[in-house]
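Q: My structure is below; once you've seen it, I'll send some questions.
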């Protein structure tokens, strides 16, 4: 990548060379986060001049990735820094407009990979809003004070309760198909049909009506939950917030913990974090992530856990891992495979899992588990080949074993290496592997792995808390291949071969093979909707010189290849 | 479309201008259909020179659409002409090769729409094989005597029982990703993970290993059901056939009925069938299908039904409708919307549904219902905007009402038209609308429509066998809009607008909005897998001048854009 042009197709603003996912409320340019008692309010007031890239202005509360990075950060702040918050209100800081959605100039100028990655990240953030309600008990109310178009309405769709002002002009809309010849990029179609269960012919009308639907019909068609007069708007929002806060099961009274900026050392070929090392071998198109196990025993008490704050090992590692995965997704597009390694004592990892299990009702323990759940899901939907190398001295146990199960393949070394002092590799299972970390399809990774024979799952369950060596792990079906030192070169051959295949074909193949079994709204969004969207984003009718995305705003009508496919 | 080049990108062989889906066993060039007692054997022995298009040879039992049209026809023959068949054996007529899959030269030269339509049709045919087992009780055994690669193995995956010869070289494989940079096009990934429940890392190895998997490992990994020595191969197949025939619940002893060629009159702007008219308005990009209700009362007895044979009204109409839909899909790519109309007496349609219900255990009644189920599913996954116009004199009742529910929108005229003698439009529901015709997602169309409020489904259930006028239909949620004669012009405006939108965006939108609720293997194949495939089929890594599909067989390696998306 050159200094001036990022892989996104744009130049990153302010001379930055990479997209950084770290921010904090004091640096926000687009969102305001306020917590008043148990009501958190997130106000969208986009700074037009604050685009992440050069070349466009974020008018009418339209957004780009930078706006969404702040939203994702704000959600983490609410989880960890504001445990007293019991309801969240999403609103606009601008008059008569909620949000115009994803910025069209940004989309028109972005590369295909950036568009796809952008949509994936915004989807994850919206899923996070729903998970905040489901797992932490913090429901979201969306207060639509004007136009909520495209991604603006899709943000509202992530809320539990949508209130639309009835002023004769405020409307919700998904104008992507009629206006831009693309699909709503952030789960809109799926949430309309599967979450809000809008009747399919109404959905058809809605999604092909550029100006959207307003007033009473918006509520009748289930697009919003209530429509209120402008004079009653603020009081209705407040009333609903009080009601939902009263119903919240969140028990996190008291102070939260602070999430300081991650300590990172970024060099050309590596990113060093406290508990994680990332090394890039660009010639082989590999990113190797080495996760380090806990530095010692878990805290002696929940108070000690709270005191350790963001340095609490599982929290620190999860935040670092999340940052690393996003960095690779957006800034290291040429990476073919992510290789996961680990180093440390598997027993120490199990001890942390036991500590979190023992304190599962404590708000911080719950939020740490929730963060791991989301980071693991982020790995599940990352379009890179995922490989776990389980070698002597590694600690793929409990929560960390999930990373091996999230991988497309795992290789485990039998015994030790000549001249190496590390103990033979063991993996270990814990309760946490059997229910705490559902995949996007709702199954645990082991449950999905053993879909054919539930008895294999029973056999694995019986091995909890034991150290399992390579051959036993292979017999239990927990790894793909157990290899001795002499055959370990097969791993190199495999990684070379993988890098020689078509990146697109691998993306499609992995997206299909990773998620056997049931589908959820979430898996439909990532698998089905995303795939259609990827296709359409690639078609000349959208992105060609005469396509709708290119011609939007020029006054020229798009010219379409009229063949239906 | 010019005389020489069909919309597929190739010239249709023998100077034909359109792809015709009508054939019969005497004309087969690639399959042999033999029925011996209760065992039907379908033998694939592809005529290399018998390609549907000019420009390639069908070597090694590779196939193109023409081969699959014969397979689909053979299945219908077994359903209707051979009710005594209770098991089906799929085998190869060539030594040491089962099938090399879809012909690569054909794929490399085909247009994007043809590739997508080809895969959709082959998927429907394989789903039909599974449905033959599930609904008619005729299980399929696949006898793999050699190489079963790509689409060859995908055909095997549709069987209930796969037997692979163990001769040191016979193997099953899905080499699309490593060899061609595309995905297996006919449900392979989904059936590997969801039907055969192959463990995901094994599936990963399998789908990236060009030469495939043979012998014992193929069975251990669940890719085949049994592996047998060559000397035992034929007797094993026969034994399994006897076992499955003995278990079959098919009760269709005696003679079948003959399926004569459909009577069609094809002109430039129309296709006229006995019970169906198709009119093309190419300027407006519309195909209007007018379904005609029954000419009289249903037969007096099942014997009379059997005697009427292929002229039995619901059978005739279903065959004609199927042919028309396929014709539009493949030969009329510019059609933006399919407009469904009907003419006839709704009470007469209900009488036929009652007749079929009363005789639901008769083999022919079951097969007729089954054909309608499959034709309706074919409509569900047709990528054209679907519109039902319910006008005076129409007969959208019972089975025909499903077509309105399969449509993206329906418009119903209130009252009569000035100067028109036709009675006001009524629609009518029957038992058949509440369970007989599941969509690909497993729900009935009304169940899917009323996902939000099951009480709406109850209200509809209570109206069975009644004539429902436009306003009542709108109140019940059975139609999208009831309009009077003065407002009916809205339909014209809607159709014009629809034709102005991007065909791709509409395809993606409709694929997402039509299938709310659960997913099945079938819906995953059409929605998730197909979408990924469409995307990959469009990417330069596959179809570019340096892409794998173009370079296959040239000795030159493909050059890939290495960015992962």
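Residue numbers (my numbering), protein chains in the order written: chain A, 567 to 1131; chain B, 567 to 1131. Cβ coordinates follow ideal geometry from the N, Cα and C atoms, glycine included. Quantities reported herein were computed from a predicted structural model and do not represent experimental measurements.
Run the CB neighbour count on residue 805(B), radius 10 Å, all protein chains shown included, and call it buried at 16 or more, exposed below.
A: So residue 805(B) ends up on the exposed side.
Q: Beta-carbon separation of residue 607(B) and residue 663(B) under 8 Å?
A: No, the Cβ-Cβ distance between residue 607(B) and residue 663(B) is not below 8 Å.
Q: Going by CA-CA distance only, name the one from 930(A), 908(A) and 740(A) that's closest to residue 965(A).
A: For the residues 930(A), 908(A) and 740(A), the minimum Cα distance to residue 965(A) belongs to 908(A).
Q: Closer than 8 Å by beta-carbon distance: list the chain B residues that pair up with residue 975(A), in chain order.
A: In chain order: 767, 770 and 771.
Q: What does residue 902(B) touch in chain A if you count any residue whose Cβ is under 8 Å from its own?
A: What residue 902(B) touches in chain A: 1128 and 1130.
Q: So, residue 1100(B) versus residue 1070(A), is the Cβ gap smaller than 8 Å?
A: Not in contact: residue 1100(B) and residue 1070(A) (Cβ atoms no closer than 8 Å).
Q: Need the endpoints of the beta strand (DSSP E) that residue 708(B) sits in, please.
A: That run of the beta strand (DSSP E) goes 705-710.
Q: Using a Cβ-Cβ distance under 8 Å, would residue 743(A) count as near chain B?
A: Yes, because at least one Cβ of chain B sits closer than 8 Å to the Cβ of residue 743(A).
Q: Expressed to the nearest angstrom, what Euclidean distance is found between the alpha-carbon atoms of residue 704(A) and residue 953(A)?
A: Answer to the nearest angstrom: the Cα atoms are 35 Å apart.
Q: Starting from the Cα of residue 974(A), find the closest Cα among 1028(A), 761(A), 893(A) and 1046(A) and give me that residue.
A: For residue 974(A), the nearest C-alpha among the options comes from 1046(A).
Q: Answer yes or no: does any C-beta atom of chain B fall closer than 8 Å to that of residue 960(A)?
A: No, residue 960(A) lies away from the interface with chain B (no Cβ there is under 8 Å from its Cβ).
Q: I'd like to check one pair, residue 791(A) with residue 728(A): are the Cβ atoms closer than 8 Å?
A: Yes, these two residues count as a Cβ contact at 8 Å.
Q: What ranges does the alpha helix (DSSP H) occupy inside the stretch 776-812 of chain A, keeping only unbroken runs of at least 4 residues that lie completely in it?
A: Segments of the alpha helix (DSSP H) lying fully in the stretch 776-812 of chain A: 781-786.
Q: Residues of chain A with CB closer than 7 Å to the CB of residue 566(B), please, in chain order.
A: The question about residue 566(B) has no answer, for chain B in this structure spans 567 to 1131.
Q: Select from the stretch 1097-1111 of chain B all residues with a C-beta closer than 8 Å to any C-beta belonging to chain A, and list them in chain order.
A: Answer set for the stretch 1097-1111 of chain B: 1097, 1098, 1099, 1100, 1101, 1102, 1104, 1105, 1107 and 1108.
Q: Return helix, strand or coil for residue 597(B), following the three-state DSSP convention.
A: Here residue 597(B) sits in strand by DSSP.
Q: The alpha helix (DSSP H) with residue 1045(B) in it runs from where to where?
A: Residue 1045(B) -> no alpha helix (DSSP H), and no H or E assigned at all.
Q: Are residue 906(A) and residue 855(A) touching if we call contact CB-CB under 8 Å?
A: Yes, the pair counts as a contact, with Cβ atoms nearer than the cut-off.
Q: What does residue 763(B) touch in chain A if you count any residue whose Cβ is under 7 Å from its own?
A: Within chain A, the residues near residue 763(B) are 1017, 1018 and 1082.
Q: Can you give me the C-alpha to C-alpha distance between residue 1025(B) and residue 1019(B), rounded to a whole angstrom?
A: Residue 1025(B) and residue 1019(B): Cα-Cα distance of roughly 10 Å.
Q: If you run the structure through DSSP and keep just helix, strand and coil, what is residue 728(B)?
A: Of the three classes helix, strand and coil, the one that applies to residue 728(B) here is strand, per DSSP.
Q: Name the chain B residues that come within less than 8 Å of residue 1078(A), Cβ to Cβ?
A: Correct list: 749, 755, 756, 759, 1094, 1095 and 1098.
Q: Answer with yes or no whether the minimum CB distance from residue 989(B) to chain A is below 8 Å.
A: No, no contact with chain A.
Q: Measuring CA to CA, which of 1109(B), 1110(B), 843(B) and 1073(B) is closest to residue 1092(B)?
A: When only C-alpha atoms are compared, the closest one is 1073(B).
Q: Would you mind telling me which residues of chain B sit closer than 9 Å to residue 883(A), beta carbon to beta carbon, in chain order?
A: None at all; the shortest Cβ gap to chain B is about 24 Å.
Q: If you count every other CB in all the chains shown that lies within 10 Å of the CB of residue 738(B), and 16 or more means buried, which is it?
A: Classification for residue 738(B): buried.
Q: Pick out whichever of 1131(B), 801(B), 742(B) and 1036(B) has its Cα sitting closest to the Cα of residue 707(B).
A: Of the candidates 1131(B), 801(B), 742(B) and 1036(B), the one whose C-alpha sits nearest the C-alpha of residue 707(B) is 801(B).
Q: Under three-state DSSP, which class holds residue 615(B)?
A: Residue 615(B): coil per DSSP, three-state reduction.
Q: Any contact of the stretch 760-777 of chain A with the stretch 742-752 of chain A, i.e. 3+ C-beta pairs under 8 Å?
A: Yes, since at least three Cβ pairs between the stretch 760-777 of chain A and the stretch 742-752 of chain A fall closer than 8 Å, the two stretches touch.
Q: Express the C-alpha separation of residue 669(A) and residue 675(A) in angstroms, rounding to a whole number.
A: Between residue 675(A) and residue 669(A), the C-alpha separation is close to 10 Å.
Q: By the three-class DSSP mapping on this structure, what secondary structure does residue 653(A) have?
A: Residue 653(A) falls in the strand class under three-state DSSP.
Q: Can you tell me where the alpha helix (DSSP H) holding residue 1075(A) begins and where it ends?
A: Where residue 1075(A) is concerned, the enclosing alpha helix (DSSP H) stretches over 1069-1079.
Q: In the DSSP assignment, find the beta strand (DSSP E) that holds residue 645(A) and state where it starts and stops.
A: Not the beta strand (DSSP E): residue 645(A) falls in the alpha helix (DSSP H), residues 631-646.
Q: For the candidate residues 628(B), 702(B), 677(B) and 1029(B), whose alpha-carbon lies nearest to that of residue 934(B)?
A: The shortest Cα separation from residue 934(B) among 628(B), 702(B), 677(B) and 1029(B) belongs to 702(B).
Q: Give the single residue among 617(A), 724(A) and 1096(A) whose Cα lies nearest to the Cα of residue 679(A).
A: Checking every option, the nearest Cα to that of residue 679(A) belongs to 1096(A).
Q: Please classify residue 639(A) as buried or exposed, where buried requires at least 16 other C-beta atoms within 10 Å of its C-beta.
A: The residue in question, residue 639(A), is buried, as its Cβ has 16 or more Cβ neighbours within 10 Å.
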